[in-house]
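Numbering-wise, the sequence shown is residues 43 to 262 according to our numbering.
Beta carbons are placed, not taken as given, at the ideal position from N, Cα and C, and that holds for glycine.
Everything on this sheet refers to the single structure shown next.
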Amino acid sequence: MQAIIAFPTDIQSTRKGFDFAAASVTGVDIDPELVQQAENSFALRASRVRPATSDSERIVDYFPISVVLEHGYRFEPRTNIASQQDSELATFPEWPRVSFFSGDWVTSANRATEGPYDVILALSVIKWIHLEHGDDGLVTFFRKCASSLAPGGYLVIELQPWKSYERAVRPGVAPHFMESFRKLKYRPETSFSALLQEHGLHLCNESDALPRRISVYHKA
């Protein structure tokens with residue numbers, strides 16, 4: 043399951059390098075091993091940043107990877123995964139301010155991941171939430187997205203078509219979801235926009251430039 047990434051309400055509007063000038067980022071994933079991978083990747087990237095000086099701004103991807111590997115990380119990734127759900131795994135003091143959490147965001151009561159956010163990205167994740175929690179869980183997820191967004195915020199989702207659901211429950215992939223799959227009434231192609239609109243999120247843009255459609259919903 044991919045991470046839910048959310049930007050808080052003090053995000054800047056201009057893009058600098060590859061960080062989009064985000065003030066901070068929160069990453070959530072149900073799989074602690076994937077959270078650890080994300081933390082390791084970010085520790086490497088954060089270690090390559092040249093800090094700002096009195097004469098210049100910080101520079102992203104300034105130090106080569108070989109330099110970090112030879113001389114060590116500026117920010118060491120943690121190696122011990124916390125066992126409890128929704129525990130904070132990493133908070134780095136410099137750019138970008140990133141926190142990773144392990145937990146099921148749909149059912150989590152962790153206040154550190156409640157927002158408000160300017161942007162929520164849900165990429166390659168909604169299908170698994172739907173299969174895990176059923177139609178009621180999907181509605182809960184959409185409701186939580188709406189409540190976690192600041193007014194004027196955006197929800198960006200990757201539309202995983204119904205055919206991908208059918209592939210997901212095949213033997214060798216995730217057949218344990220078959221019973222749940224058979225009970226689903228909502229379909230991504232026909233139901234999602236209406237469900238999101240019920241929670242105040244309105245489709246404002248779409249793109250088919252990638253293999254799967256990317257849809258952007260706006261909270262008025």
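If you draw a straight line from the Cα of L165 to the Cα of D71, it comes to about 11 Å.
Counting C-beta pairs with one atom in each stretch, the stretch 105-118 and the stretch 177-195 have fewer than three that are closer than 8 Å, which means they do not touch. Under the 8 Å Cβ criterion, the stretch 198-206 counts as touching the stretch 231-246, having at least three qualifying pairs. Annotation: the continuous alpha helix (DSSP H) that includes G179 extends over I168 to S190. The beta carbon of K169 sits closer than 8 Å to the beta carbons of Q202, S206, Y207, A210 and P230 from its chain, once the five residues preceding and following it are set aside; these are given in chain order. Taking the C-beta atoms as reference points, F183 is found nearer than 8 Å to V148.
As computed with DSSP, S249 is found in a beta bridge with I256. Taking G242 as reference, the option from T155, R254 and K261 with the minimal CA-CA separation is K261. Counting the other Cβ atoms within 10 Å of the Cβ of A251 gives fewer than 16, which makes it exposed. Taking 3 residues as the shortest admissible run, the stretch 74-123 contains no complete beta strand (DSSP E) segment at all. About 6 Å separates the beta carbon of A85 from that of Y115, a gap short enough to meet the 8 Å contact definition.
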